[in-house]
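Here's the structure, in structure tokens; my notes come after.
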Amino acid sequence: MKFGCARFSTNDQSLDIQIQKLKDAGCDEIFSEKISGAKIDRKELNNLLAKLRKGDTVCVVRLDRLGRRMIKLAEMILDFKERGINLESLENKIDTSTPIGMLMFNICAAFSEMERELIRERLQAGVDAARAKGRVGGRPRSLITEKANQLRN
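Those letters in the sequence shown? Residues 6 to 158, by my numbering.
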């Protein structure tokens, strides 16, 4: 069987386009969810993984729909390979049933991981810049220690 896997993580994204592309690719069943690709516990992905059997194919529109962490993707692909399951990524033009497909998967997964790290670095730079300007994250304290002591006395 050919299983589709669709995921979106923000309100401005839509599953409709992904689902249509997966249907056009001949997927027999499609698993979809709204959750970050970086999350480890993904209910629909876990349901898909439990259903897979030797000879099945997992089809995604892009690799990042399956997951964002290169290490996890690579582990998943190795598990697929050991179990006789193929991965097809429509936009990345990857089919892991071929040696070229495996090479392309490894290259795309590395770029996906790099993009995630760049986003993390930019976010941290923004937090550091805010701290340098005296801004502190989190909710302001409701009472200053001196005031709290005055109230207690």
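All C-beta atoms in this analysis are idealised placements derived from N, C-alpha and C, irrespective of residue type, glycine included.
Lys-28 is not a Cβ neighbour of Glu-38, given a cutoff of 8 Å.
By the Cβ-count criterion, Ala-114 is buried, with 16 or more other Cβ atoms from all chains shown falling within 10 Å of its own Cβ. Beta-bridge partners assigned by DSSP to Leu-92: Val-63. Straight across, the Cα-Cα distance linking Met-75 with Leu-20 is about 23 Å. Checking the DSSP bridge columns, you'll see Cys-10 partnered with Phe-36. The secondary-structure analysis by DSSP pairs Ile-99 across a beta bridge with Ser-94. By the beta-carbon neighbour count (other beta carbons within 10 angstroms, threshold 16), Val-66 is buried.
Between the beta-carbon of Ile-90 and that of Lys-59 there is about 7 Å, and that keeps the pair under the 8 Å contact cut.
Counting every other CB atom within 10 Å of its CB across the protein chains shown gives Thr-62 a total of 16 or more, marking it as buried.
With 16 or more other CB atoms across the displayed protein chains lying within 10 angstroms of its CB, Ala-11 is buried. One Cα belongs to Cys-32, the other to Arg-70, and the distance between them is close to 15 Å. 8 Å or more divides the Cβ of Met-107 from the Cβ of Lys-98. With a 10 Å radius around the Cβ and a threshold of 16 neighbouring Cβ atoms, Glu-122 comes out exposed. The beta carbons of Cys-64 and Phe-13 sit about 16 Å from each other, so the pair does not count as a contact at 8 Å. Gly-106 sits in a helix when the DSSP states are folded into three classes.
A distance below 8 Å separates the beta carbons of Ile-35 and Ile-24.
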